[in-house]
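Enquirer: Residue numbers (our numbering): 1 to 195.
Built from N, CA and C at the ideal position, the CB exists for glycine as well.
This is how it looks when you write it as structure tokens:
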């Protein structure tokens, strides 16, 4: 069972590509952001490590992680951001590896797709045999983010400035999915890739 890594910038349409893979191509999909969120729930490993590292001041009144408070702490402090990543990334990677192993032995999927915003994360997980980049021109990404999420130009400028240059994705991935037109076109590309 082939395992592919799916990546792309915000607004590139990764979610739609994953939805098509799930619905039309019998693909098992793992979204690393969702895994990370689940592992930060009370009682989970990442939660425990974050509280141990940053103290109980980062909890809200219900004992959950106060994400805005944590974001404010790590935003301008690279050392603290790295510490936060150490509390979350290894747990996510281990969870993904275990899930891929489980699905390979117990599930009837035709393939598995692991999605992450950063290609380095996909490579660190170490289960992908191929890397797929969902590509969209910046002006189309901006328009989609404006419509779907209501982002301002300033917010989009900040997001785009914080992301890796497109060349990193294009050079690091062996498949480029062109998502500059419609989903019908994307589905055709996926049909060809999933043969």
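In terms of residue numbering, what span does the alpha helix (DSSP H) encompassing residue 153 cover?
Expert: The residue given as residue 153 occupies position 153 in the chain shown. Element bounds for residue 153: 153-162.
Enquirer: Under a three-way DSSP split, which group does residue 27 fall into?
Expert: On the chain shown, residue 27 is found 27 positions in, with the first residue counted as 1. DSSP places residue 27 in strand when its eight states are reduced to three.
Enquirer: Look at the alpha carbon of residue 187 and the alpha carbon of residue 145, and state the distance between them as a whole number of angstroms.
Expert: For the purposes of this step, residue 187 is taken as the residue at position 187 of the chain shown. For the purposes of this step, residue 145 is taken as the residue at position 145 of the chain shown. Looking at the two C-alpha atoms, the distance is approximately 21 Å.
Enquirer: At 4 residues or longer, and completely inside the segment 9-85: list those alpha helix (DSSP H) runs for me, N to C.
Expert: Whole alpha helix (DSSP H) segments, 4+ residues: 14-25, 32-39, 45-54 and 67-74.
Enquirer: Three or more C-beta pairs under 8 Å: does that hold for the segment 49-57 against the segment 82-98?
Expert: The segment 49-57, when compared against the segment 82-98, does touch it at the 8 Å Cβ threshold.
Enquirer: Indicate whether residue 30 and residue 114 have their beta-carbon atoms separated by less than 8 Å.
Expert: Position 30 of the chain shown, counted from the start, is the residue given in the question as residue 30. Position 114 of the chain shown, counted from the start, is the residue given in the question as residue 114. Yes, these two residues count as a Cβ contact at 8 Å.
Enquirer: Is there contact here, the segment 53-70 with the segment 142-159, by at least three beta-carbon pairs under 8 Å?
Expert: Contact fails: fewer than three Cβ-Cβ distances are below 8 Å.
Enquirer: I need the boundaries of the alpha helix (DSSP H) containing residue 188, first residue and last residue.
Expert: Reading the chain shown from its first residue, position 188 is the one you call residue 188. Here the alpha helix (DSSP H) through residue 188 covers 183-193.
Enquirer: Okay, do the segment 36-47 and the segment 153-165 touch, 3+ Cβ pairs below 8 Å being the bar?
Expert: The segment 36-47, when compared against the segment 153-165, does not touch it at the 8 Å Cβ threshold.
Enquirer: Quick check on residue 119: does DSSP put it in helix, strand or coil?
Expert: Residue mapping note: residue 119 aligns to position 119 of the chain shown, counting from 1. The answer is helix: DSSP assigns residue 119 an H, G or I state.
Enquirer: By alpha-carbon positions, which one of 179, 16 and 175 ends up nearest to residue 5?
Expert: Residue mapping note: residue 5 aligns to position 5 of the chain shown, counting from 1. For residue 5, the nearest C-alpha among the options comes from 175.
Enquirer: If we count the other Cβ atoms within 10 Å of its Cβ and call it buried at 16 or more, is residue 170 buried or exposed?
Expert: Translated into positions along the chain shown, residue 170 becomes position 170. The residue is exposed, with fewer than 16 neighbouring Cβ atoms inside 10 Å.
Enquirer: Spatial neighbours of residue 9 within its chain, please: CB distance less than 6 Å, with the 5 preceding and 5 following residues excluded, ordered by chain position.
Expert: Here residue 9 refers to the residue found at position 9 when the chain shown is read from its first residue. Counting only Cβ-Cβ distances below 6 Å, and skipping sequence neighbours, we find 163.
Enquirer: Taking only the alpha-carbon atoms, compute the straight-line gap between residue 27 and residue 143 and give it to the nearest angstrom.
Expert: Here residue 27 refers to the residue found at position 27 of the chain shown. Here residue 143 refers to the residue found at position 143 of the chain shown. Whole-angstrom Cα-Cα distance: 29 Å.
Enquirer: Would you mind sorting residue 54 into buried or exposed? The rule is 16 or more other CB atoms within 10 Å of its CB.
Expert: Position 54 of the chain shown, counting from 1, holds the residue named residue 54. So residue 54 ends up on the buried side.
Enquirer: Less than 8 Å between the beta carbons of residue 18 and residue 190, yes or no?
Expert: Sequence index remark: in the chain shown, residue 18 carries index 18 (1-based). Sequence index remark: in the chain shown, residue 190 carries index 190 (1-based). No, the Cβ-Cβ distance between residue 18 and residue 190 is not below 8 Å.
Enquirer: In the DSSP assignment, find the unbroken alpha helix (DSSP H) run with residue 168 in it and report its ends.
Expert: Mapped onto the chain shown, residue 168 falls at position 168. Its alpha helix (DSSP H) spans residues 166-172.
Enquirer: One question on the structure: do residue 7 and residue 133 come within less than 8 Å of each other, judged by their Cβ atoms?
Expert: Taking the chain shown and counting its residues from 1, one reaches residue 7 at position 7. Taking the chain shown and counting its residues from 1, one reaches residue 133 at position 133. Contact: yes.
Enquirer: For the alpha helix (DSSP H) that contains residue 148, what are its first and last residues?
Expert: Working through the chain shown from its first residue, we reach residue 148 at position 148. Taken as a continuous stretch (DSSP letters only), the alpha helix (DSSP H) holding residue 148 covers 138-149.
Enquirer: Using 10 angstroms around the beta-carbon of residue 12, count the other beta-carbons present and answer buried if the total reaches 16, otherwise exposed.
Expert: For the purposes of this step, residue 12 is taken as residue 12 along the chain shown, with counting starting at 1. Buried.
Enquirer: Judging by CA-CA distance, which residue of 137, 108 and 93 is the nearest neighbour of residue 124?
Expert: The sequence position of residue 124 within the chain shown is 124, counting from 1. Residue 93 is the option with its Cα nearest to residue 124.
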